[in-house]
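I have placed the structure first, in the form of structure tokens, so that the comments after it can refer back to it.
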Amino acid sequence: MRTLLPCLVSWCVLVGLDARGEVLPEVQLSLQHLKPAERERAAKALGPLDELPRYRVQLDVDPVAREAKGRVQIEVLAKDKPLTELYLRLTPNARNSRRVVLSDARLGREPIVLEQLEPSLYRHRLTEPVPPGAAAVLDVAVRAVVPKGEKSGGMLLGGGGKGAGGDHGAFSATEDFVSLVGVIPQVPPLDDKGRPWAGPQGIGDLALYAPSHVLASILVPSGWVVHTTGAAMGEVPERDGRVRFSFAAGAVRDFPILVSKGYEVATATVNGVTVESHFAAGDREVGERVLKYATSALAEFERRLGPLPYTHFRVVEAPLTGGAGGMEFPGLITVASSLYRGVEDPFSLVGDQVNVAQLKEVLEALGPAGNAPFAQLTKTLERALEFTVAHEVAHQYFAGLVGSDPIQSPVVDESLAQYAALLYIEWKHGKAVAESVRRDVLVSTYHMYRMSGGEDGRADRPVGDFDGETEYGALVYSKAPLLHHASRKLVGDTAFFQGLRSYVDTYRFKWTCKECFTQELAKASPSNAKALARLRVRWWQEAHGDDDLGLPDLDSVMGTLGAGSGLGVDGLDPQAKELLETLLPSLLGQ
-3 MRTLLPCLVS WCVLVGLDAR GEVLPEVQLS LQHLKPAERE RAAKALGPLD
47 ELPRYRVQLD VDPVAREAKG RVQIEVLAKD KPLTELYLRL TPNARNSRRV
97 VLSDARLGRE PIVLEQLEPS LYRHRLTEPV PPGAAAVLDV AVRAVVPKGE
147 KSGGMLLGGG GKGAGGDHGA FSATEDFVSL VGVIPQVPPL DDKGRPWAGP
197 QGIGDLALYA PSHVLASILV PSGWVVHTTG AAMGEVPERD GRVRFSFAAG
247 AVRDFPILVS KGYEVATATV NGVTVESHFA AGDREVGERV LKYATSALAE
297 FERRLGPLPY THFRVVEAPL TGGAGGMEFP GLITVASSLY RGVEDPFSLV
347 GDQVNVAQLK EVLEALGPAG NAPFAQLTKT LERALEFTVA HEVAHQYFAG
397 LVGSDPIQSP VVDESLAQYA ALLYIEWKHG KAVAESVRRD VLVSTYHMYR
447 MSGGEDGRAD RPVGDFDGET EYGALVYSKA PLLHHASRKL VGDTAFFQGL
497 RSYVDTYRFK WTCKECFTQE LAKASPSNAK ALARLRVRWW QEAHGDDDLG
547 LPDLDSVMGT LGAGSGLGVD GLDPQAKELL ETLLPSLLGQ
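According to my numbering, the sequence shown is numbered sequentially starting from -3.
Here's what the structure looks like:
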């Protein structure tokens, strides 16, 4: 049981400390977010659950002023060795924006100074080390000025240069939606030399943290609703007409905060998990289908990968940018508004760098063959919506449960989330459909990247080492997941699924490694251990994409643009084919 350094009186009263300085009532609130059976499994993996880091959040959000302010208290236990310094990560500041400001920092009752080591990283060196078994309590004021959200980018065509993706709208505000991802300062994991893990690099995910408990009280104007991870503790109207939303989250690796106006909700239950789909009022039909896809994916993953530990799981429509289809957090995912709208109007997904009028003119000139891709696109986009939801649900396991470094080793969780989504399609719709999706979503996307001038390369590298979102997507999302397809072919279904389940069970609530999944497969199929290791090197560390996936050609790119339509180029007259080949680089954003 931990002992506490002196804490602020107001917070001590709020969390209900008993005479011995214990905070069990607070922990019990957070544990309501965990299924009863999962509390024991979490304790086995993490140790006593009252020793996890704890965050207490009080935030006042003003959507009109695009401002959020309040206080955050962070309690960290010194375990095996004295605690000599504390680090905090604020991902919205990663691009030197200084949009989130920390002030009035205190350790216990004593004022302290936070050093800003990097745009998103802060540190405080303790004058007196905190001994093992004791906890440091850091209290800090937070003020965030949220930038206006960018126009949602197209998702069908186009890519982006280095840093083009940014945070994909994770920290932004529109007229009816405020995304406050990263606004809560959190303690980053440390490497074996005591150095914090790297923060956002302008490509890929933002950060991931150690499992922690969170109690949050968030105040918003009437008519606005708060979405975050955790069990809802209630909504209390204030005298001034605003509403206070309270949440308790247990053993979560992140805590996003989203605020919406005019949203509706549809709910369902899967194996004791309340699944909520939150969406803009005009997107009800799609929002209800998203709920169906989320519950279906969750049911399949729970059956084969083990239970989701949380009692609540939320899917929230969000105005993501930079080509992102969704974002993942423990107990909550977002899905891009452009996907909701795209199933109604496919041309809305075309990026700004593509001349829509020119594209329509070209397709019209091609006659029936040119119209074929978009004639089939609504069906294809519906499948893309389902696949995206499945991918984000799979992230609940990789890296929500099975933790990994999303900045240094993005290939670990992204490849498994992508392949798990492909497995879901197979389990739900059959092997033939899954093979079509594998070819059109993974293989053809890699081919389109190569046709547009992109070079094959190593997939297993930090996100900052990629030239841009296009290269990152082609190698991490398209090529790297096919390692798992090759491994499955090598060992067979029985051993593969045995190894996959063992991997999740072994590293549940823990941190994994690059080789860990390969090692679990080797345990399930010992005779193939060396061959599995060679496959991992080939697919992740070397450049054999053209050998393994075939050389790209115009037909494969047309398959990407009109996936599922069966469109080829053999039937095109020479003039139309020459025209399309001439325009292809500009259509791809080159």
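All C-beta atoms, glycine included, are put in the ideal place defined by N, C-alpha and C.
Just so it is clear, the structure is predicted and the values come from calculations on it, not from any experiment.
Give me the Cβ distance between residue i and residue j, rounded to the nearest whole Å; I'm assuming they're in contact under 8 Å.
i, j, result
"V53", "A64", "With 8 Å as the limit, V53 and A64 do not qualify as a contact, their Cβ atoms being about 11 Å apart."
"T225", "F325", "6 Å"
"V312", "H223", "5 Å"
"H29", "Y393", "Their Cβ separation, rounded to whole angstroms, is 17 Å, which puts H29 and Y393 out of contact at 8 Å."
"A527", "A386", "The Cβ separation is near 29 Å, so there is no contact."
"G598", "G178", "With the chain represented from -3 up to 586, any question about residue 598 goes unanswered, as that position is not in the structure."
Any idea what DSSP makes of residue i, helix, strand or coil?
i, result
"A455", "coil"
"I70", "strand"
"Y51", "strand"
"E388", "helix"
"L110", "coil"
"H443", "helix"
"L588", "Any answer about residue 588 is impossible in this case: the structure gives the chain only from -3 up to 586."
"D135", "strand"
"Y415", "helix"
"Y393", "helix"
"G246", "strand"
"W193", "coil"
"L531", "helix"
"D544", "helix"
"F173", "strand"
"E34", "helix"
"A476", "coil"
Tell me the rounded alpha-carbon separation between residue i and residue j.
i, j, result
"P21", "R497", "34 Å"
"T317", "P59", "19 Å"
"L103", "P342", "53 Å"
"P233", "W220", "12 Å"
"L176", "K288", "27 Å"
"L479", "E260", "40 Å"
"S93", "R62", "15 Å"
"V459", "L25", "37 Å"
"G450", "E34", "45 Å"
"L113", "R91", "13 Å"
"L412", "E388", "11 Å"
"A194", "P477", "24 Å"
"F383", "F492", "21 Å"
"V68", "D201", "23 Å"
"P107", "E284", "50 Å"
"W507", "E467", "27 Å"
"L27", "V133", "21 Å"
"L152", "A539", "Any answer about L152 is weak, because its pLDDT of 44 lies below 50 and its placement is not dependable; what the coordinates show is given next. Looking at the two C-alpha atoms, the distance is approximately 26 Å."
"L377", "G338", "7 Å"
"C509", "T374", "39 Å"
"L211", "A245", "7 Å"
"Q515", "L42", "22 Å"
"Q354", "G541", "32 Å"
"R454", "I253", "35 Å"
"R548", "T441", "It should be pointed out that residue 548 corresponds to Pro in this sequence rather than to Arg. The alpha-carbon atoms of P548 and T441 are separated by roughly 10 Å."
"E272", "A361", "45 Å"
"D100", "I70", "14 Å"
"S213", "A227", "12 Å"
"V429", "K40", "40 Å"
Going by CA-CA distance only, name the one from the options that's closest to residue i.
i, options, result
"A529", "H540, L517, A539", "L517"
"L117", "T123, V339, A203, A244", "A203"
"L381", "I403, T330, L84, S400", "T330"
"R300", "G495, G219, D279, A61", "G495"
"V248", "A277, E357, H308", "H308"
"K257", "T265, R240, G268, F275", "F275"
"R280", "D236, S333, P303, S208", "S333"
"L215", "I199, G338, F243", "F243"
"G230", "H223, F241, K510", "F241"
"D187", "P127, S400, L254", "S400"
"P127", "E146, Q537, T87, V72", "V72"
"Y473", "A130, V142, S213, L438", "L438"
"F462", "S405, G165, D489, K144", "S405"
"E46", "R95, G129, V96", "For the sequence presented, residue 46 should be read as Asp rather than Glu. Here the closest residue by C-alpha is G129."
Would you please verify whether the beta carbon of residue i is less than 9 Å from any beta carbon of chain D?
i, result
"K288", "You won't find chain D in this structure, because it holds only one protein chain."
Cβ contact check for the region 474 to 491 and the region 502 to 509: 3 or more pairs under 8 Å:
no
Touch check for the region 159 to 174 and the region 422 to 441: three-plus C-beta pairs under 8 Å?
no
Evaluate the contact criterion for the region 420 to 431 versus the region 518 to 528: three or more CB pairs, one atom per stretch, below 8 Å.
no
Pairs of beta-carbons, one from the region 275 to 289 and one from the region 44 to 53, closer than 8 Å: are there three or more?
The region 275 to 289 is not in contact with the region 44 to 53.
Inter-stretch contact at 8 Å, needing at least 3 Cβ pairs: the region 121 to 131 / the region 79 to 90
yes
How about the region 198 to 215 and the region 177 to 186: do they share at least three Cβ pairs that are nearer than 8 Å?
yes
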